[in-house]
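Engineer: Pasting in a structure now, in structure tokens, and then I'll have a few things to ask.
Numbering (my numbering), first residue to last: 828 to 1562.
What follows is the structure, encoded as structure tokens:
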């Protein structure tokens, strides 16, 4: 007898075939399934938690019956155990559910029709026999066999992780990293997860460790905690941390006595896993690779600037005159002065805001040196920045990673042993370049070449560790050419005028919704009305006004990820407006968001194997639920992702201003409200506004925009680069 509404029964058991998986959360294993049981005519709704669950599996669930107010009678399971199906009907559902890559419902039907309930043993023990089935050849047969083996191992890892209270969504990546030894490695050192697997942090690894019996006050745990604190600091742009700050943060994270942290720190220093260095009179802890990168930047720049000029003699007056006749470019006096310095220096920095002629100066340098048959290479940190540089100069520009020939292993083909082939290297958008990447770039620069760094020091610093451009300028190790004159063509743009006013803290917010050719401020007070106005702008007003594609040409830039006006919320809303789900079209649900054909996405990390890098934006071309693949088009190049690699992607209808660095969009919309006050800074709003080419619209509260303009504070980043640059300058004997 089943309970009446509102009544709770005693512990019971439900067994049967999983007919349908209504919901499954890969992060925590929570599931809602429909079970076909011999004991009841109607399907049973079972709610509980499992490492994985698939249609066709045999399920045993222990729990209680409950009457849910909204969903009716349900079986609330305290434990769920699954086993492979044994009936032909169950096997068809199981194989056709997408569990094994390459097998969909049609092929599952054929396999069961040919082999009946022996199909699993055939796949495992006699896979060649699969070729008797229509649609399966030698290649397909091998893939099915490999996918079956992988699915078995992954399920084992999922069960292990789930039993230790952590997310199972990274199981495939763990298996790919460690192979069949995954469980053994984790049993021996669970903290390896945090070091080796992207997306799995110290806390998840620590959960496993504690369940495996590693004491909370063990030195092993404290050592892992110290490394984690330093690694987390790099996410905030730090290259290191003062020793006292590191100790305090580790004690707070681990909740152990300071003596344990001190013992672990001493061990880490002894093993060279952490290096202590004196920076500005303060003992600072570094991860070895970051300290080495800072030292390499300083030493290589010092050697570079101390070398002789590498260009042949150039008559500047004749060269400029010839260049003007050839290109029609007429340089201003400030640009002529800068050109003279660049042509007489082994290294130089060209900096300044939008519209001051940085690109014009670069074009002139390239024209003059190319005429002398000198080899010039151009690069920028992102694909979009490199494309802009190519369009502006008429010469090929590559991303830094592609220029250095990044390899799937994460190493680079171009190093000091195989340097770049050039006489001049021009690096654009240097404000985005972090310490490790700058070290790699300078390592690959040939000893005889000159380098020109181009960038806007008033923009946000790099997402990665360090403030390379700012430190280079402050160190005075190379000549700094700051262009300030806004040229006539650019001066007609309200975007550029507003950006320069913001940079100087002199921007006057209009009393009313100011309207001009390319810059618009719409005052809205409530987050709901800001959101409604933003949606209308992106979907209709801007596209119709400028003839733009709302998906490809209009970009929403947010100060932060969270909140009603954050990236996450806005992406969900804009996806529904611009690319609603279409009946019958395949989609993929992962990590709290849905991906379907045409969706706009952004890459979140460097993937050397796919030749796709952090910040690259693309569009979904295909979702293949049988092959478990997603195809993304990045600037005309199609790239395939396994379903388990989707955590490298996020929706990109809205992105953070930080992620937009180096990019330019036809139209930009920026929501601004006091709920974002923690991040409202001058360099943030300045960077956001300078991303727009044809139109920029700021929607929100005047108070929030005013706060951002007035707040010129730059967050401190712990780094030793500036001290090392100054030290290399002194040791070189420079003034």
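Don't be surprised by glycine CBs; every beta carbon is placed ideally from N, CA and C.
Predicted model, so just to flag it, every value in this text is computed and none were measured.
Excluding the 5 residues flanking residue 906 on each side, which residues of the same chain have their C-beta closer than 6 angstroms to its C-beta?
Structural biologist: Start at 1 with the first residue of the chain shown, and residue 906 comes out as number 79. Excluding sequence neighbours, residue 906 sits near 889.
Engineer: Suppose you measure from the CA of residue 1551 to the CA of residue 1115; what does that come to, to the nearest Å?
Structural biologist: Start at 1 with the first residue of the chain shown, and residue 1551 comes out as number 724. Start at 1 with the first residue of the chain shown, and residue 1115 comes out as number 288. Approximately 15 angstroms between the Cα atoms of the pair.
Engineer: Report the rounded CA-to-CA distance for residue 1341 versus residue 1194, giving the unit in angstroms.
Structural biologist: To locate residue 1341, count along the chain shown from 1; it is residue 514. To locate residue 1194, count along the chain shown from 1; it is residue 367. The predicted model places residue 1341 with a pLDDT of 49, which falls under 50 and marks its position as unreliable, so this point remains unresolved.
Engineer: Going by CA-CA distance only, name the one from 1156, 1137, 1187, 1464 that's closest to residue 1171.
Structural biologist: One-based indexing of the chain shown puts residue 1171 at position 344. Checked all of 1156, 1137, 1187, 1464; the closest Cα to residue 1171 is 1137.
Engineer: Going by DSSP, what residue range makes up the beta strand (DSSP E) through residue 1499?
Structural biologist: The sequence position of residue 1499 within the chain shown is 672, counting from 1. Taken as a continuous stretch (DSSP letters only), the beta strand (DSSP E) holding residue 1499 covers 1492 to 1499.
Engineer: Using the Cα positions of residue 1204 and residue 1487, report the straight-line distance between them to the nearest angstrom.
Structural biologist: As a first step, residue 1204 is located in the chain shown; it is residue number 377 there, counting from the start. As a first step, residue 1487 is located in the chain shown; it is residue number 660 there, counting from the start. Distance between the alpha carbons of residue 1204 and residue 1487 is about 24 angstroms.
Engineer: According to the Cβ coordinates, are residue 1239 and residue 1257 closer than 8 angstroms?
Structural biologist: Position 412 of the chain shown, counting from 1, holds the residue named residue 1239. Position 430 of the chain shown, counting from 1, holds the residue named residue 1257. Contact flag unset, no.
Engineer: For residue 1319 versus residue 1536, is the C-beta distance shorter than 8 angstroms?
Structural biologist: Indexing the chain shown from 1 puts residue 1319 at position 492. Indexing the chain shown from 1 puts residue 1536 at position 709. No, Cβ-Cβ distance for residue 1319 and residue 1536 is not below 8 angstroms.
Engineer: Would the region 1269 to 1287 count as touching the region 1223 to 1242 if we require 3 or more Cβ pairs under 8 angstroms?
Structural biologist: With a cut-off of 8 angstroms, the region 1223 to 1242 and the region 1269 to 1287 count as touching, because enough Cβ pairs lie within range.
Engineer: Return the CA-CA distance between residue 1561 and residue 1555, expressed in angstroms with no decimal places.
Structural biologist: Numbered from 1 along the chain shown, position 734 holds the residue referred to as residue 1561. Numbered from 1 along the chain shown, position 728 holds the residue referred to as residue 1555. Reliability of the predicted coordinates at residue 1561 is poor, the pLDDT of 46 falling under 50, and no value is obtained from them.
Engineer: Terminal residues of the continuous beta strand (DSSP E) containing residue 1277?
Structural biologist: Against the chain shown, residue 1277 aligns to sequence position 450. Its beta strand (DSSP E) spans residues 1277 to 1282.
Engineer: Should the region 908 to 923 be regarded as contacting the region 871 to 884, the criterion being three or more beta carbon pairs within less than 8 angstroms?
Structural biologist: Touching, yes.
Engineer: What's the call for residue 874, buried or exposed, on a 16-neighbour Cβ count within 10 Å?
Structural biologist: To locate residue 874, count along the chain shown from 1; it is residue 47. So residue 874 ends up on the buried side.
Engineer: Kindly indicate which residue of 1496, 925, 891, 1063 has the alpha-carbon position closest to the one of residue 1453.
Structural biologist: Here residue 1453 is taken as the residue at index 626 of the chain shown, counted from 1. The option with the nearest alpha carbon to residue 1453 is 925.
Engineer: Would you mind working out which of 1302, 1462, 973, 1282 sits nearest residue 1259, comparing C-alpha positions?
Structural biologist: Counted from its first residue, the chain shown places residue 1259 at position 432. The candidate whose alpha carbon is nearest that of residue 1259 is 1282.
Engineer: With a cut-off of 8 angstroms, do at least 3 Cβ pairs link the region 1454 to 1467 to the region 941 to 956?
Structural biologist: The region 1454 to 1467, when compared against the region 941 to 956, does not touch it at the 8 angstroms Cβ threshold.
Engineer: Using the three-state DSSP reduction, which class does residue 1341 fall into: helix, strand or coil?
Structural biologist: Translated into positions along the chain shown, residue 1341 becomes position 514. Note that residue 1341 has pLDDT 49, beneath the 50 cutoff, so the model's placement of it is unreliable and the number below is only indicative. Coil at residue 1341, not helix or strand.
Engineer: Using a Cβ-Cβ cut-off of 7 angstroms (strictly less than) and excluding sequence neighbours within five positions of residue 1246, which residues of its own chain qualify?
Structural biologist: As a position in the chain shown, residue 1246 is number 419, starting the count at 1. Counting only Cβ-Cβ distances below 7 angstroms, and skipping sequence neighbours, we find 1271, 1272, 1273.
Engineer: Determine the contact status of residue 1507 and residue 1534, defining contact as a CB-CB distance below 8 angstroms.
Structural biologist: Here residue 1507 refers to the residue found at position 680 of the chain shown. Here residue 1534 refers to the residue found at position 707 of the chain shown. Against a cut-off of 8 angstroms, the Cβ pair of residue 1534 and residue 1507 comes out as a contact.
Engineer: Have a look at residue 1162 and residue 1314 and give me their C-alpha separation to the nearest angstrom.
Structural biologist: Residue 1162 sits at position 335 when you count from the first residue of the chain shown. Residue 1314 sits at position 487 when you count from the first residue of the chain shown. Rounded to whole angstroms, residue 1162 to residue 1314 spans 11 angstroms at the Cα level.
Engineer: Grouping DSSP H, G and I as helix and E and B as strand, with all else coil, what is residue 1072?
Structural biologist: The count along the chain shown starts at 1 and reaches residue 1072 at position 245. It is helical.
Engineer: Who are the Cβ neighbours of residue 1334 in its own chain at under 7 angstroms, not counting the five residues just before and after it?
Structural biologist: The residue you call residue 1334 lines up with position 507 of the chain shown. The residues are 1325, 1328, 1536.
Engineer: Return the CA-CA distance between residue 871 and residue 1399, expressed in angstroms with no decimal places.
Structural biologist: Translated into the one-based positions of the chain shown, residue 871 becomes position 44. Translated into the one-based positions of the chain shown, residue 1399 becomes position 572. In a straight line, the C-alpha of residue 871 is about 32 angstroms away from that of residue 1399.
Engineer: Should the region 1024 to 1033 be called in touch with the region 998 to 1007, which here means at least 3 C-beta pairs below 8 angstroms?
Structural biologist: These segments touch.
Engineer: Go to residue 1465, then tell me how far its alpha helix (DSSP H) extends in each direction, as first and last residue.
Structural biologist: By 1-based counting over the chain shown, the position of residue 1465 is 638. Run containing residue 1465: none in the alpha helix (DSSP H); it sits in the beta strand (DSSP E), 1464 to 1469.
Engineer: Indicate whether the contact test is met: 3 or more Cβ pairs, each with one atom in the region 1044 to 1059 and one in the region 1087 to 1101, closer than 8 angstroms.
Structural biologist: Counting Cβ pairs under 8 angstroms, three or more are found: they touch.
Engineer: Any heavy atom of the ligand SAM inside 7 angstroms of the beta-carbon of residue 1346?
Structural biologist: Ligands in the displayed structure: none, and consequently the ligand SAM is not present.
Engineer: If you compare alpha carbons, which of 1164, 1181, 1159, 1154 is closest to residue 1221?
Structural biologist: Numbered from 1 along the chain shown, position 394 holds the residue referred to as residue 1221. Of 1164, 1181, 1159, 1154, the residue nearest in Cα terms is 1154.
Engineer: Under 6 angstroms Cβ to Cβ from residue 840, same chain only, skipping five residues before and after it: list those, please.
Structural biologist: Taking the chain shown and counting its residues from 1, the one referred to as residue 840 is at position 13. Excluding residues within five positions, the ones whose Cβ falls inside 6 angstroms are 889.
Engineer: Alpha carbon to alpha carbon, how far is residue 1290 from residue 913? Give it in angstroms, no decimals.
Structural biologist: For this step, residue 913 is matched to residue 86 along the chain shown. For this step, residue 1290 is matched to residue 463 along the chain shown. Spanning the two alpha carbons is a distance of roughly 52 angstroms.
Engineer: Among the residues of its own chain, which have a CB less than 8 angstroms from the CB of residue 1055, if the five just before and after it don't count?
Structural biologist: Taking the chain shown and counting its residues from 1, one reaches residue 1055 at position 228. For residue 1055, where only same-chain residues beyond five positions count, the Cβ hits under 8 angstroms are 1021, 1028, 1029, 1080.
Engineer: Specify, as a first and last residue, the run of the beta strand (DSSP E) that residue 1113 falls within.
Structural biologist: Counted from its first residue, the chain shown places residue 1113 at position 286. Start and end: 1109 to 1113.
Engineer: Is there contact between the region 914 to 924 and the region 956 to 972, where contact requires at least three CB pairs shorter than 8 angstroms?
Structural biologist: Counting Cβ pairs under 8 angstroms, fewer than three are found: no touch.
Engineer: Across which residues does DSSP place residue 1416 in a beta bridge pair?
Structural biologist: Translated into the one-based positions of the chain shown, residue 1416 becomes position 589. Looking at the DSSP assignment, residue 1416 forms a beta bridge with 1421.
Engineer: What's the gap between the Cα of residue 1033 and the Cα of residue 1101?
Structural biologist: Within the chain shown, residue 1033 is the residue found at index 206, counting from 1. Within the chain shown, residue 1101 is the residue found at index 274, counting from 1. Residue 1033 and residue 1101: Cα-Cα distance of roughly 20 angstroms.
Engineer: Would you decide whether residue 1514 is buried or exposed? Buried here means 16 or more other CB atoms lie within 10 Å of its CB.
Structural biologist: As a working mapping, residue 1514 is identified with position 687 in the chain shown. By the 10 Å Cβ count, residue 1514 comes out buried.
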